[in-house]
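A quick write-up on the structure given underneath.
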Amino acid sequence: MCGIVGYAGRRPSAAAAGELKSHAHGALDVVMEGLRRLEYRGYDSAGVAVLTEAGIDSRKKSGKLANLTAELAAAPLPEATTGIGHTRWATHGGPTDENAHPHLADGGRLALIHNGIIENFAELKAELLAAGAEFISETDTEVAAALLASVYRGEGGGDLALSMQLACRRLEGAFTLLAIHADSPDVVVAARRNSPLVVGLGDGENFLGSDVSGFIDFTRRAVELGQDQIVTITPESVEITDFYGNPASGTEFEVNWDAAAAEKGGYPSFMEKEINDQPQAVGDTLLGRSDLEGRLTLDELRVDPEDLKAVNKIMVLACGTSAYAGQVAKYAIEHWCRIPVEVELSHEFRYRDPIVDGNTLIVAISQSGETMDTLMAVRYAKEQGAKVLAICNTNGSTIPRESDAVLYTHAGPEIAVASTKAFLAQITAAYLLGLYLAQLRGDKFQGEIKDMLTDLAKVPAKIQQVLDNSGQIKELAGLMADAKSVLFLGRHVGFPVAMEGALKLKELAYIHAEGFAAGELKHGPIALIEEGQPVFVVVPSPRGRDSLHAKVVSNIQEIRARGAKTIVIAEEGDDAVKAYAEHVFYVPETPTLLAPLLTTVPLQIFACALATAKGYDVDQPRNLAKSVTVE
Ligand code: M6R
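For the sequence shown, counting from 1, position 112 maps to 129 in my numbering; every step adds exactly one.
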């Protein structure tokens, strides 16, 4: 939530750059480019502040970044070498110009931006008000700015980094803060606690970003910061301390995706690009993870194989789409390894005295690696002695850093707020984990594992087939733009797929949608069926367990008899479903457990096409943010 960028460097000004017009020059260009790439984190409002010899100048505007761009065109900022920028997802106070960041303090000589929630802001505000501070916004951020200014004028002695340390010791909650002060040219000071912040290392310039997309256009060298750290950047230096001024260090890493991967690549939206990226996302996630004999080699796991052999329970912790990936993982891992797997929403987990111990393996699934609910659940599980393995798509993020082991998905940057390719990559990584455990523990013959890997290797081409045949589903979506409610049914691994299909439709098209286990129908949801109610049914392969297919076909008959308009996702060659479906979309044959990698795709395409038909922004749906960094 909220995108944050900071820059200190010596790029030539636009005027001095002359012919280099197309490249970012000056702090403002760099910051605006970073904000453009980070806008997916929040888009309620945006703002920038730059530091010049004359002091601090800033602009901010409610609404998307385009509004700020227009504001800057109408009222340009002066050339500068130091700047900060912010895109907001509102927590305290609505998305107004006043509540947008940066917030100024110290008579306009200090500017501050913030991601997170300051939990003790009311108490601090009362204290600062009593001392004469004035506030014009409803935000906790302005309180942090006023606190920093008061410390700066007091015990901080006009030293911005020291003042940040002192102020942070008084703050409770989760925060990333970036500040500039008119007295400290060329300096940006930042702090982080439970909220993301990465440093970008340049040549004669340094960067700060909520994630590496904030500076990917300028450098691939990045530094992960630890918890409760302060970082001070100038064009020439990066200095890290803890909140008490003790020297600290971060971990340097090379960003392994390039700027082009985070562009639309000719598609009208990131969402469409990312749906179409899925063959590659799955293929890349499989790449290099098995040898020619079909033995899995997850070297990067960095966890003692003996510990994995001793695991007697797995708990998957995740939120949203990632939790649905966890539900798919449950079916596969239990089937292959005979280890009980529980899947729990991270935010429910730690409030119910969960039973975990040293033989529990926690699998934390997160695309961003920054979801606060999942991070807190990971910390809680570690305190109870459990081993934690993260399945994550974002290098340098907090959840993998705090886990005992990590299995990275290689989906590349996912920019659209609604998750698509990360979901398929997470499922793929979970299959690899399940097969690896089965190999390690001898739960499956090596030949069986090899066969499953061979089937997995065929999936990217099959996803491509689904994508190539998506015309019909897009057409249907266009015809259903006026639907008020759509239901989704599935059994076995089709159940989490149904829930993911419903989530995509809610997120993108703002249509009421629910996903149900098909077997649950007669226990209540069938009451929702009336004449014309559209229902998607994810049908299992007829080649799998007979009873499974037959049961879902009966479910279709039951809802059809009550007037439902049935839209069926089935396996090629399943002619039995034709008689009961208004529309059938076929996906290629694949083993039952792997089917979600195919059956999800038409549902993503449907949601995206329907939202597009309604004229909605599929990349930045209302009220959402890509990375939920507050609880
Ligand atoms: O980054 P994470 O995978 O931890 O995010 C989890 C959820 O917030 C995320 O999947 C969310 O549900 C998406 N909007 C789904 O499209």
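Just so you know, even glycine gets a beta-carbon here, dropped at the ideal spot from N, CA and C. No experiment lies behind these values; they were computed from the predicted model shown.
Near the ligand M6R: residue i beta-carbon under 7 angstroms from a heavy atom
{"i": "C625", "result": "no"}
{"i": "Q344", "result": "no"}
{"i": "Q621", "result": "no"}
{"i": "V423", "result": "no"}
{"i": "E365", "result": "no"}
{"i": "G337", "result": "yes"}
{"i": "L520", "result": "yes"}
{"i": "V645", "result": "yes"}
{"i": "A578", "result": "no"}
{"i": "T388", "result": "yes"}
{"i": "A435", "result": "yes"}
{"i": "S212", "result": "no"}
{"i": "Q384", "result": "yes"}
{"i": "L129", "result": "no"}
{"i": "T445", "result": "no"}
{"i": "T391", "result": "yes"}
{"i": "E50", "result": "no"}
{"i": "A641", "result": "According to the sequence as given, residue 641 is Leu; it is not Ala. Yes, the Cβ of L641 comes within 7 angstroms of a heavy atom of the ligand M6R."}
{"i": "E648", "result": "no"}
{"i": "E361", "result": "no"}
{"i": "E56", "result": "no"}
{"i": "E531", "result": "no"}
{"i": "E524", "result": "yes"}
Beta-carbon separation (whole angstroms), residue i vs residue j, contact threshold 8 angstroms
{"i": "A342", "j": "A349", "result": "That pair is no contact at about 11 angstroms."}
{"i": "L614", "j": "T445", "result": "7 angstroms"}
{"i": "V647", "j": "M393", "result": "Not a contact, Cβ separation roughly 11 angstroms."}
{"i": "E289", "j": "C19", "result": "Not confirmed; about 26 angstroms, so no contact."}
{"i": "E241", "j": "T268", "result": "5 angstroms"}
{"i": "L406", "j": "L424", "result": "7 angstroms"}
{"i": "P439", "j": "I416", "result": "Inspection of the sequence shows that residue 439 is occupied by Ala rather than by Pro. About 13 angstroms separates the two Cβ atoms, so there is no contact after all."}
{"i": "L620", "j": "E517", "result": "7 angstroms"}
{"i": "T437", "j": "Q295", "result": "7 angstroms"}
{"i": "P557", "j": "H509", "result": "6 angstroms"}
{"i": "L304", "j": "L454", "result": "Between L454 and L304 the Cβ distance is about 20 angstroms, and since that is not below 8 angstroms, they are no contact."}
{"i": "A122", "j": "A166", "result": "4 angstroms"}
{"i": "A97", "j": "E222", "result": "Not confirmed; about 13 angstroms, so no contact."}
{"i": "T411", "j": "G386", "result": "4 angstroms"}
{"i": "Y397", "j": "R367", "result": "4 angstroms"}
Residue i - partner residues in DSSP beta bridges
{"i": "E269", "result": "V240"}
{"i": "F553", "result": "F505, I584"}
{"i": "C409", "result": "S383, Y425"}
{"i": "R105", "result": "S62"}
{"i": "N132", "result": "T193"}
{"i": "M332", "result": "E359, I379"}
{"i": "G20", "result": "T104"}
{"i": "F138", "result": "Its beta-bridge partners do not exist; DSSP assigns none."}
{"i": "I247", "result": "A208, T258"}
{"i": "Y603", "result": "A587"}
{"i": "K77", "result": "G64"}
{"i": "N293", "result": "N293 is not bridged to any residue."}
{"i": "V216", "result": "L225, V240"}
{"i": "H529", "result": "S502"}
{"i": "P264", "result": "T258"}
Residue i CB to nearest heavy atom of the ligand ATP below 7 angstroms
{"i": "S420", "result": "In terms of ligand content, the structure shown lacks the ligand ATP and carries the ligand M6R instead."}
Residue-level contact to chain B via CB, residue i, 8 angstroms cutoff
{"i": "L493", "result": "The structure shown has no chain B; it contains just one protein chain."}
Whether or not the segment 228-239 and the segment 191-209 are in contact is what I'm after, with contact meaning three or more pairs of Cβ atoms, one per stretch, closer than 8 angstroms; do they touch? Per the Cβ contact rule, the segment 191-209 is not in contact with the segment 228-239 (fewer than 3 Cβ pairs under 8 angstroms).
Are at least three pairs of beta-carbons, each pair with one atom in the segment 228-237 and one in the segment 362-381, less than 8 angstroms apart? Output reads no: the segment 362-381 does not touch the segment 228-237.
With contact counted as at least three CB pairs below 8 angstroms, one residue from each stretch, are the segment 573-591 and the segment 536-553 in contact? Taking 8 angstroms as the limit for Cβ pairs, the verdict is that the segment 536-553 does touch the segment 573-591.
Say whether the segment 113-125 touches the segment 77-85, bearing in mind that this needs 3 or more beta-carbon pairs closer than 8 angstroms, one atom from each stretch. As far as the Cβ criterion goes, the segment 113-125 touches the segment 77-85, which means the pair count is three or higher.
Under 8 angstroms: do the segment 192-200 and the segment 121-141 share three or more Cβ pairs, one atom per stretch? Touching, yes, given that three or more Cβ pairs across the two stretches are closer than 8 angstroms.
contact_flag[the segment 248-267, the segment 276-290] where n(CB pairs < 8 angstroms) is 3 or more: Using a Cβ-Cβ distance cut-off of 8 angstroms, the segment 248-267 and the segment 276-290 are not in contact, since fewer than three pairs of beta carbons, one from each stretch, lie closer than that value.
Validate contact between the segment 292-311 and the segment 473-483 using beta carbons, cut 8 angstroms, 3 pairs: Taking one beta carbon from each stretch, the segment 292-311 and the segment 473-483 have 3 or more pairs nearer than 8 angstroms; the two touch.
On the three-pair Cβ rule with 8 angstroms, is the segment 135-147 touching the segment 82-102? In short, these stretches do not touch, since the Cβ pair count stays below three.
For the 8 angstroms Cβ check, are there 3 or more pairs between the segment 559-570 and the segment 585-603? Taking a contact to require three or more Cβ pairs closer than 8 angstroms, the segment 559-570 and the segment 585-603 qualify as touching.
If contact is defined by three or more beta carbon pairs under 8 angstroms, each pair taking one atom from either stretch, is the segment 149-158 in contact with the segment 204-220? No, the segment 204-220 is not in contact with the segment 149-158.
Check whether the segment 46-60 and the segment 100-111 touch, using three or more Cβ-Cβ pairs below 8 angstroms as the test. Short answer: they touch.
Under 8 angstroms: do the segment 492-506 and the segment 630-637 share three or more Cβ pairs, one atom per stretch? Contact between the segment 492-506 and the segment 630-637 is present: three or more C-beta pairs spanning the two stretches fall below 8 angstroms.
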